[in-house]
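Report on the structure given below.
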Amino acid sequence: MASLLPRLAAASLALALLAAPALAQQGGPAKAFTREEIEAIIREYIVKNPEILQEAAVELERRQAEAQAASIRQVTADPKSPLYSSPHDMVVGNPNGDVTLVEFFDYNCGFCKRGLNDIRQLVETDKNLRVILKDLPILTEGSKEAAAIAYALKKQATPETYWKFHLALMGQQGRIGRAEALGVAKDVGADMKRLEADLAKPGFEDAVEETKMIAGALGINGTPSYVVAEDIVVGARGYEALATRIANYRKCRRADC
131 MASLLPRLAA ASLALALLAA PALAQQGGPA KAFTREEIEA IIREYIVKNP
181 EILQEAAVEL ERRQAEAQAA SIRQVTADPK SPLYSSPHDM VVGNPNGDVT
231 LVEFFDYNCG FCKRGLNDIR QLVETDKNLR VILKDLPILT EGSKEAAAIA
281 YALKKQATPE TYWKFHLALM GQQGRIGRAE ALGVAKDVGA DMKRLEADLA
331 KPGFEDAVEE TKMIAGALGI NGTPSYVVAE DIVVGARGYE ALATRIANYR
381 KCRRADC
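Okay, structure coming up:
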């Protein structure tokens, strides 16, 4: 609330300045109110009616929440949005599924590791689910190194091979970086010479920036975060929380029927 007060005060002052001529006319000949007089009127009114600040703050927060929700819907409801159609991402599960789940993750995110089995279970049990994996390396330099290996691997891997890589690397405990990601890539049968060559090519930084921009547009600033049934789910909330939203979307085209 404290952060809203300067904006509320500024808005009150602006309204008072606009209303000043009319107020003057009501009392007779036009009078030019000084800034100090207007501020005194506002101050006196607020002191006598302090609840107006709370009412204004609640209304402002409501409008901001509505605006943010509308902005998010513009992204999540558009099937052509880069949220769903970026060439930098890997799709696992059913590429033609009737519901899409998007996960923003970081290979060094402990909560992402906790939620790994939730996504695995969804992919294994829901044969009509499309899952998009968006690498958002925001925690450590090792996160970025691992993401670069994953990005290069996508150039040669099938969705099945990439999924094995993802499960194995995310399932590791401890620090994840270049060495760990390269080791897993080798284990899943990657052409390591081609991988190194693809690592040297441009494109990775652009992919990361695109993911960060999408996350920012959705108000996402941490991992794991999911978009499921056009709804934002923050944190490892468990299999049921995700499965319920998916089921509801199939039933009523909303995350919460």
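In terms of the working numbering, the sequence shown is residues 131 to 387.
The beta carbon of each residue, even a glycine, is placed where N, CA and C say it ideally should be.
Note that the structure is predicted; figures quoted are calculated from it, not measured.
Tell me whether residue i is buried or exposed, calling it buried when 16 or more other Cβ atoms sit within 10 Å of its Cβ.
| i | result |
| --- | --- |
| residue 372 | buried |
| residue 375 | buried |
| residue 333 | exposed |
| residue 166 | exposed |
| residue 354 | buried |
| residue 260 | buried |
| residue 228 | exposed |
| residue 275 | buried |
| residue 322 | exposed |
| residue 175 | exposed |
| residue 265 | buried |
| residue 272 | buried |
| residue 230 | buried |
| residue 316 | exposed |
| residue 206 | buried |
So, at 8 Å on beta carbons, what are the nonlocal neighbours of residue i in its own chain, with the 5 sequence-adjacent residues on each side left out?
| i | result |
| --- | --- |
| residue 202 | 347, 348, 349 and 362 |
| residue 246 | 297, 300 and 301 |
| residue 212 | 340 and 344 |
Give me the Cα-Cα distance between residue i and residue j, rounded to the nearest whole angstrom.
| i | j | result |
| --- | --- | --- |
| residue 241 | residue 179 | 46 Å |
| residue 310 | residue 292 | 15 Å |
| residue 256 | residue 339 | 31 Å |
| residue 191 | residue 182 | 14 Å |
| residue 387 | residue 358 | 14 Å |
| residue 172 | residue 197 | 28 Å |
| residue 244 | residue 189 | 38 Å |
| residue 286 | residue 356 | 26 Å |
| residue 326 | residue 336 | 18 Å |
| residue 253 | residue 193 | 38 Å |
| residue 328 | residue 320 | 12 Å |
| residue 154 | residue 162 | Bear in mind that the predicted position of residue 154 carries a pLDDT of just 46, short of 50, making it too unreliable to give a figure here. |
As a quick exercise: from the options, pick the residue whose alpha carbon is nearest that of residue i.
| i | options | result |
| --- | --- | --- |
| residue 366 | 239, 287 and 320 | 239 |
| residue 233 | 378, 267 and 318 | 267 |
| residue 249 | 285, 301 and 282 | 301 |
| residue 222 | 235, 194 and 263 | 263 |
| residue 218 | 377, 324, 342 and 170 | 342 |
| residue 330 | 279, 254 and 206 | 279 |
| residue 226 | 284, 209, 164 and 204 | 209 |
| residue 282 | 303, 304, 270 and 308 | 308 |
| residue 269 | 284, 236 and 204 | 236 |
| residue 220 | 288, 177, 169 and 199 | 288 |
| residue 380 | 312, 320 and 258 | 258 |
To which residues of the same chain is residue i closer than 6 Å at the C-beta, ignoring the five residues directly before and after it?
| i | result |
| --- | --- |
| residue 395 | Past the edges of the chain, shown from 131 to 387, lies residue 395, and the structure says nothing about it. |
| residue 318 | 291, 294 and 295 |
| residue 251 | 369 |
With a CB to CB cut of under 7 Å and the five nearest residues on each side skipped, what residues in its chain are close to residue i?
| i | result |
| --- | --- |
| residue 216 | 340 |
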